[in-house]
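Sequences listed follow chains A and B, in order. Under this note's numbering, the first sequence has 751 at position 750, and the numbering climbs by one with no breaks. Under this note's numbering, the second sequence has 202 at position 177, and the numbering climbs by one with no breaks. Positions of the beta carbon are idealized from the N, C-alpha and C atoms, including for glycine. Remarks on the structure that follows.
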Amino acid sequence: MNNIEIEDTYHHDFTTASEWEVFIARLEEIIREWKLPRSKICSPLKKGDFINLSWEATSENVHFADVEFSLKHINLITPSDEAIQSSIEECEDKRSQCLMDALNSTNDFASLDQEHLNLAKYYGIREFIILSPAKEVAITDETRIKILLSSITIASNNSNCEVPMFVQVQEPWQSFYLGVSEGRGVCSHFDMVHLKKVPPYCKFLNGLLTLFKQKITEGCGIRLDPAMVSARFTYLLKDWTSSTWTQDPPDFDFMHGETLGVAELGKLPFGATFDPVGELILFTTWPEMPENVVVDSESYTDLEPQQAPEWSVQVKMTSSPACLLGEYLIDFIHLCSNQKTLFELLGDFVSYTEGDGQNLSSAFNALTESRVPALSTVVSKAAIKKTKPVEGPISEDILLPILYFLFPDAEDNPKQPYANANAYNVEDDQWKGVKTAAVDSLVWRLSIVAAHCAHNLGGAPALAHLWHEFVQEIRFRWERNILIPGIGSGFPDSVRTCLLHQKLQMLNCCIERKKVNEESLYKPQSMDIDDPDSDSDEEFFECTNEDSTESEDTGIKRQRKMKHSLWNRPTGRLAKHPVLKLLKTGGSLYLPVTQEPVPKTEDQLEEDAEVMMQLGTDQRASEMRARLMSASLLSDMESFKAANPGAVLEDFIRWYSPRDWIEEEGLDEWGQKNGHLSPRMMIPNNPWSNAWTSSQPVPAHRQKRLFDDTREAEKAIHYLTSQRLGQIAQLLLPVLMHAGLSTLNSQKQEALSNLPDVVQSILSKLQYATKPIHQKIKSYEEIAHDIEGIEALVAQANSLQRKLGGLNQTKEFTGFLVQLMREKEVPVPDALWEYVRSRITSMFYEAQKAAHMMTSVKNISDADSPRDGGNVGKFPAPFCKEFILRAIAPRPSGTSTPHPQRLYASLKRDHLRLAGLFSEDTIFF
Amino acid sequence: MDQEVLTTLKLLMIGETNVGKSSILLRFTEDEFNENMQSTVGMDYKTKQITIDGNTVKLAIWDTAGQERFRTLTPSYYRDGQGAILMFDVTDRHTFTKLETWLNELNTYCNKIDIVKMVVGNKNDLPNREVSMEEGLEFARRHQTLYIESSAKTADGVRCCFEELVEKIIQTPGLWEANSTRMYGGDSLGGTRHRLGKRGVQLTDDYEPQNPYSNCYCSLV
Ligand SMILES: Nc1nc2c(ncn2[C@@H]2O[C@H](COP(=O)(O)OP(=O)(O)O)[C@@H](O)[C@H]2O)c(=O)[nH]1
Ligand SMILES: [Mg+2]
């Protein structure tokens, strides 16, 4: 329907003299603007120029009546353009650039993808002008075609332009061009034939040669010198037999019930699920032969691919190969938006195990102990309890190895114990700056098995199940004072590790403190006791111990006397200060045992900061903040007072903030320098003096604890249990992504020499993504896609290596592979000639055999017999045959000057294209 | 001044106690000097909006106390800082010597890979200098930081100190994000106009002190 409309709109009477003249004049004008009327001859084309150099296009729109055309000038940018221009004059009598290029065979059969560039292939020309409809419309009307053709002929003539000019006609997809070029006494016509059915006489070289000669000699009847022939046969290989694609799917047998080596558990899969190389195209080429040395007819052909002197190869990659690692990561990211709670996902299973909280979980422990005998001595040993009367999404025989992998210390002979705990604190490794967890630490392992569960064992419910078991085990460890393995020691590292890792570090801190507290309960002699009836001798000895160095100190006597006035007895002393003496009493200043600093995780720190900020910024707010912050100051003051009875604020300041003690001339009665508090410490009611006044002498261990391990542990465990599935996935995501990048980094592929650089650039994205406490899923998506993209490249390179290289890892082969990866046509280099040719030949042969077996599938016995292979040709029928015929012959008559003639032919099963260039002498005809 | 805020930047004030951190901050936020400035307990916090090259940014400034004992408490607040002012007292060499320790601590506890640092020599109104400007500059060059001298008392260099620091942060891509894109955006740097600092000195290894006297910190000498 549309066509008719278009026809109508565009069916104009082009012959209106004025409009036509205007059109031609405009064409000439543009050609002049482009400065094309020149007879520049560039140096001859070299091999590969068409492909390696870049093409430049300029275009202008022109109207003919009210139809819009576009006039395009396309030319190859050759580097030597300038240098040659000087010799223009000498070239006057030579052939035009166009005809010289048409005879030059160095770029025969170059396949170029951009629009209109197939003209370069059809005619071997490096520069041309095209007139085509600006919109995609067909020009099929004979009259209109003729008018357009004469327009360009006239324009080219009038403007003295030797550059061949074409009009594009017929349907746009046909790439159908007609053209002309005039100058130096030659007129060349560019004709084309495009058919869907190939006439029998055109199917072979012999017929085409006849056609070519007929065209040249029509009307002049002279005998021709032999024409020169170039030929190219193209073969396609799409179906790889198993021998050429041997990527095994990752070995996840353990996921299917087999309790085998844990080695696989800690690894992420890598590679493509199907062959990333979609298609191999083989070009076999015979350059420039005299026609009489080659026969190609229906009954016989010399053009056997194995005999071709030139082979080149091009591969086409599948557009989106399914990559295992990429899929793992991207699927996992999808889970991050899952809003379901564990209960919603696991139902009864969770409600049973969690219903009664504490009580029940100790019931599990009992169960555990009976099943795992080693765990009966729980105090020093970690344990895994397996307890489910109700089955979860992950069956037990798979779950157990996973749990032992995460908590190897629960087994007597751990298969994969964690490395030395200190190893997890090292930060100057190659992954510095990524805020996740150390390689192969607990959180690292957890994130990987979580991905296995999510991907292979049942998606969201399986992940929920794993998490549930994980948290159960953590709770169990807290209750039994068993440190969590693979976490390292120390405070939560909110700078270098992810939140989940910090939470587990926090739990380990709690477990450690709890252990210390409980142990000290069993050893009461190691600490002061409130009980006034406690053994006073002990106290006495303690004091003597501490004071024994000052043999004649009056303090001892004083303290002995005050033995029973508990409020004034020194307690909680850590060490004696080497020089300082108390200003009032002259006794030694003792450093007190102070409360340990409070460990905090990143989210807690943020909450704290939030509270501080919300107070505002005025004076009152500052005072409030000072009060909030003074808890630790107060605690330190109380410890100090307890350790130093009779101390004053000045004593405390000299220890705690020495820069606020200003020394003066002269000595005090104890022989130390005189001094006074800094002005700001003497301001009445300043926070320091206030705190000092309100503090009581209380040793650290009897103070209200700044850090409540039980509360903190319960908070952390509650945090872990209450996460929704998406939040769980988000907690694991940074580490999983890190593990993914690390997997990518461990790939070795010679052909991808810049793999380390690429990994580095993804690494910096990962550093950036892992930093903020509120994770941005988007930035992880980007990283996952980056990784997947590289994974595909590695898979492609591996596949090509396997197909074409086998074990060949030479520099030559790697170079060849690198070029192939760009999906361009690559000549088989001399150094690899025999090797690659035989590999390709056998691939085709295998494919042929396989295809043959398929067709004669009923004769299975035959298919297996080796004799049968003999019947199969090594190569299939060519997908495409191309010929270029060249001659220099006088036209239009026998007495004319001989000029270049050329015919390009391309034959496919249902396609024939002939593109002829025929030149005529315009002076002697 | 009711301009749209481009971003919020977190700045840290660190250095020995008594060098004048709180005083500088008070001078910057309220334009006051208080002889009776109280000694900071733990840490304090102030905010201020400033407009630089047409970009209004909100500064959230954390002032730390500097006592040895508080060190176990405060580094947790270093998290996510985009800029740090490392201050010493030009009349007290000890505070200058200690800068190295503070810098180490900053590098350990601060998770921004390239937090912008500025070394500030304070109290340059006083006559009894113990640390020369050359020494200060040399330290800054060695550690690739900005450098300026100031006085909370006379207000010299105070604005300049904060402005240069903020300008440098805004010029550092990846260090901050425009407010609108806080949660979801990419690397958009918003509509900032970038220009090179005129007065502040970025001291790198190849820094040449061609004309240090054109810079404003020198007007303080
Ligand atoms: N002369 C002079 N004194 C200052 C200056 N800055 C601070 N001070 C004084 O130095 C003391 C300590 O200041 P403060 O701001 O509390 O120092 P911070 O401990 O680093 O916060 C106070 O007594 C201030 O008055 C300054 O620039 N010049
Ligand atoms: Mg202060």
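Check your understanding: Taking 7 Å as the cut-off, is the CB of G91 of chain B close to at least one heavy atom of ligand 1?
Key -> Yes - ligand 1 has a heavy atom lying nearer than 7 Å to the Cβ of G91 of chain B.
Check your understanding: Under a three-way DSSP split, which group does R185 of chain A fall into?
Key -> coil
Practice item. Return yes when the Cβ of L732 of chain A is within less than 8 Å of the Cβ of D652 of chain A, no when it is not. Key: no
Review point. Going along chain A, which residues have a C-beta under 9 Å from N43 of chain B?
Key: Taking a Cβ-Cβ cut-off of 9 Å, the neighbours of N43 of chain B in chain A comprise S658, R660, D661, S679, R681, given in sequence order.
Practice item. For S60 of chain A, collect the residues of the same chain with a Cβ closer than 6 Å to its Cβ; drop the 5 residues on either side in sequence, then sort them by chain order. Key: Closer than 6 Å at Cβ, skipping near neighbours: S71, K73.
**Study point:** Cβ separation of D114 of chain B and K148 of chain B, assumed to be a contact under 8 Å, to the nearest whole Å
**Key:** Contact flag correct, Cβ pair sits at about 5 Å.
Exercise for review: Taking only the alpha-carbon atoms, compute the straight-line gap between N119 of chain A and K193 of chain B and give it to the nearest angstrom.
Suggested key: If you draw a straight line from the Cα of N119 of chain A to the Cα of K193 of chain B, it comes to about 54 Å.
Point to revise | Cutoff 7 Å; reference A796 of chain A; Cβ partners in own chain excluding five residues on either side | key: G272, A273, P277, P322, C324
Check your understanding: If we count the other Cβ atoms within 10 Å of its Cβ and call it buried at 16 or more, is K35 of chain B buried or exposed?
Key -> buried
Check your understanding: My guess is that Q474 of chain A and F408 of chain A are in contact by the Cβ rule of under 8 Å, so how many angstroms apart are they, rounded?
Key -> The residue you asked about is not Gln; residue 474 of chain A is Glu in the sequence shown. Indeed, because the Cβ distance is near 6 Å, the residues count as touching under 8 Å.
Exercise for review: Please state if the CB of L404 of chain A and the CB of A717 of chain A are separated by a distance shorter than 8 Å.
Suggested key: no
Practice item. Quick one: list the residues of chain A neighbouring K71 of chain B, beta-carbon separation under 8 Å, in chain order. Key: Under the 8 Å cutoff, chain A gives T618.
Point to revise | Contact with chain A by A177 of chain B, beta-carbon distance below 8 Å | key: At least 8 Å separates the CB of A177 of chain B from every CB of chain A.
Review point. Of all Cβ atoms in chain A, is any one closer than 8 Å to the Cβ of R154 of chain B?
Key: no
**Study point:** C881 of chain A - containing beta strand (DSSP E), residue span
**Key:** 881-891
Review point. Residues in its own chain within less than 7 Å of C337 of chain A by CB, not counting five upstream and five downstream?
Key: G727, A730, Q731, L734, I778
Review point. Distance, Cα to Cα, R706 of chain A vs P698 of chain A?
Key: 15 Å
Review point. Nearest-angstrom Cα distance between M738 of chain A and G460 of chain A?
Key: 18 Å
Point to revise | Burial state of Y905 of chain A, where buried means 16 or more other Cβ atoms lie within 10 Å | key: buried
Review point. Are there three or more Cβ pairs, one per stretch, closer than 8 Å when the segment 87-103 of chain B is compared with the segment 46-53 of chain B?
Key: yes
Review point. How is D922 of chain A classed by DSSP in three states: helix, strand or coil?
Key: Here D922 of chain A sits in strand by DSSP.
Review point. Say the cut is 7 Å; is the CB of P688 of chain A nearer than that to a heavy atom of ligand 1?
Key: No; taking the cut-off as 7 Å, the Cβ of P688 of chain A has no heavy atom of ligand 1 nearer than that.
**Study point:** Where L808 of chain A falls: helix, strand or coil (DSSP)
**Key:** DSSP places L808 of chain A outside both helix and strand once states are collapsed to three, so it counts as coil.
Practice item. Return the first residue and the last residue of the alpha helix (DSSP H) that W693 of chain A is part of. Key: 688-695
Review point. Looking at K46 of chain B and ligand 2, is the gap between the Cβ and the nearest heavy atom below 7 Å?
Key: yes
Exercise for review: Say whether the segment 492-503 of chain A touches the segment 598-612 of chain A, bearing in mind that this needs 3 or more beta-carbon pairs closer than 8 Å, one atom from each stretch.
Suggested key: yes
Exercise for review: Starting from I763 of chain A, trace the beta strand (DSSP E) both ways and give me its first and last residue.
Suggested key: No beta strand (DSSP E) holds I763 of chain A; the alpha helix (DSSP H) holding it covers 756-771.
Review point. Listing by chain order, which chain B residues have their CB less than 8 Å from the CB of I684 of chain A?
Key: N61, Q63
Practice item. Please check if any C-beta of chain C sits within less than 8 Å of the C-beta of L606 of chain A. Key: Any reference to chain C falls outside this structure, whose protein chains are A and B.
**Study point:** Proximity of S133 of chain A and F24 of chain A at Cβ, strictly below 8 Å
**Key:** no
**Study point:** Whole-angstrom C-beta distance between F177 of chain A and H195 of chain A, which should lie under 8 Å
**Key:** 6 Å
Check your understanding: Skipping 5 residues on each side, what residues in its chain have a beta carbon closer than 8 Å to that of K766 of chain A?
Key -> S780, E783, I784, D787
Check your understanding: Heavy atom of ligand 1 less than 7 Å from the Cβ of S176 of chain B, yes or no?
Key -> yes
Check your understanding: What in chain A is Cβ-close to M68 of chain B, meaning under 7 Å?
Key -> M630
Check your understanding: If the cut is a Cβ gap below 7 Å, which residues of chain B does D637 of chain A touch?
Key -> R94
Exercise for review: For G40 of chain B, return the contacting residues in chain A, with the cut-off set at a CB-CB distance below 8 Å.
Suggested key: Here the premise fails: no neighbours, minimum Cβ distance about 11 Å.
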